[in-house]
Amino acid sequence: MLSKELVAASTVPLVLSVLSEGENYGYALIQRVRELSGGDIEWTEGMLYPVLHWMEKQRMIESEWQEADSGRRRKYYRLRKEGRKALQSEKEQWMTVHATFTKLWKQRPAST
Amino acid sequence: METTTRFDLNQSIRQWRDALAQSATMRAEELDELEYHLRDSMAQLRERQLTEEESFLVATRRLGGGEVLTREFAKVNPGRVWPSRLCWMLAGVFLLHLLGSVPHAGSGILWRWAPQGISGHWLGFFVVVTRWAAFIAPLAAFLWLTTKKPQLIARWTTRAFHRPVMTSISLVLLAVVGSAIVLLPSLFLSMKWGIPTSPETVARLRVMSIWQMIGYSTLEIVLLPIALVWLARRAQTPHLAK
Chain W
3 MLSKELVAAS
13 TVPLVLSVLS
23 EGENYGYALI
33 QRVRELSGGD
43 IEWTEGMLYP
53 VLHWMEKQRM
63 IESEWQEADS
73 GRRRKYYRLR
83 KEGRKALQSE
93 KEQWMTVHAT
103 FTKLWKQRPA
113 ST
Chain X
134 METTTRFDLN
144 QSIRQWRDAL
154 AQSATMRAEE
164 LDELEYHLRD
174 SMAQLRERQL
184 TEEESFLVAT
194 RRLGGGEVLT
204 REFAKVNPGR
214 VWPSRLCWML
224 AGVFLLHLLG
234 SVPHAGSGIL
244 WRWAPQGISG
254 HWLGFFVVVT
264 RWAAFIAPLA
274 AFLWLTTKKP
284 QLIARWTTRA
294 FHRPVMTSIS
304 LVLLAVVGSA
314 IVLLPSLFLS
324 MKWGIPTSPE
334 TVARLRVMSI
344 WQMIGYSTLE
354 IVLLPIALVW
364 LARRAQTPHL
374 AK
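Just so you know, the protein sequences line up as chains W and X, in that order. Going by our numbering, the first residue of the first sequence is number 3, and it counts up by one from there. Going by our numbering, the first residue of the second sequence is number 134, and it counts up by one from there.
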């Protein structure tokens, strides 16, 4: 399980990454993250929406209500140009952290 | 409805939604979004053989408690809380003003027409105590209602906000009736007997006015700030480490 701080820090890049696969709505977005993380990334589901709305205000994403075949309405979110830029920057930062850890832990694998 | 149990899904969802709507930080569209999420989540849980009631409980739990949600929504939309806060502030000013004017008008009657035997000190004391009571009593009543009967308050406020026209009309009526009750007796008595100007009455008025001045300003300078600080501390405690 991720710590609270790490969940908070990774929510925006995760949302950006999932939306880079194509537009999606909140519930499916959560399912996708759960599935990819093997259930290790568990959000308090409702907390996703304030984040989505904040990202929309920052012009990273845009949203649109659509009607599903089942008749249920869903609000779909999709990436905007700003979002793609933000995703690129996030990617670089996370890869830097990842690469640093990989090197460190390769040097001394037994010292954790 | 397919279920035969007493669990009413639509009613439960409505209650859950109304509770969230209380905070005023969420718009109808955002509540819609959460509600569709809840229904999606429940549909999936139902596929795993959970009953309607169980899936409702699990799905709402996964969505997060009302307090957490409203706090997060408020963070994203900090400006949205203020209109509703301002509304409550004005309601408070209105109520305190209305209640405070009763002892004020009462004092106007007392100094003129109270029996001569009662001194200005007694009159002043009485008026000040009533004025203080008109401040403390509604505050205490409101505090008691909000802590002991939160559902009742929730029901009233929902009803008041759902019918803005009715609410406005009732408020204006309340103000008119209140002012009439406060002003008419004094007006009636002055018209009937005129304003007494005997030296005793004027002397009594002077003593009573000093009481009033001290009593009223103590209320505004001492009691009001104390009440404010006390309420602010109370409002904070649940979030402090415990």
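Note that beta-carbon positions come from the ideal geometry of N, C-alpha and C, so glycine has one too.
Check                                                                                                                                                                                    : Outcome
Just the chain W side, please: which residues come within less than 8 Å of E200/X by C-beta, in chain order?                                                                             : None at all; the shortest Cβ gap to chain W is about 11 Å.
Return the CA-CA distance between R339/X and W289/X, expressed in angstroms with no decimal places.                                                                                      : 44 Å
Which residues bound the alpha helix (DSSP H) around E187/X?                                                                                                                             : E185 to L196
Under a three-way DSSP split, which group does I63/W fall into?                                                                                                                          : strand
Tell me whether K77/W sits in a helix, a strand or coil according to DSSP, three-state version.                                                                                          : strand
Which residues in chain W sit within 9 Å of G96/X, going by Cβ to Cβ distance?                                                                                                           : Any question about residue 96/X goes unanswered here, given that chain X covers just 134 to 375.
Check whether the stretch 252–267 of chain X touches the stretch 334–352 of chain X, counting contact only when three or more Cβ pairs, one atom from each stretch, lie closer than 8 Å. : yes
Which same chain residues, not among the five before or five after M3/W, have their C-beta less than 8 Å away from its C-beta?                                                           : D42 and E44
Tell me the rounded alpha-carbon separation between K77/W and F103/W.                                                                                                                    : 38 Å
Kindly list, in the order they appear in chain X, the residues whose Cβ is closer than 8 Å to that of G28/W.                                                                             : E166 and H170
So, helix, strand or coil for E162/X, using DSSP?                                                                                                                                        : helix
Which value, in whole angstroms, describes the spacing of the CA atoms of Q109/W and E37/W?                                                                                              : 32 Å
Within the continuous alpha helix (DSSP H) that includes A313/X, where are the two ends?                                                                                                 : P297 to W326
Quick check on R150/X - is its C-beta less than 8 Å from some C-beta in chain W?                                                                                                         : no
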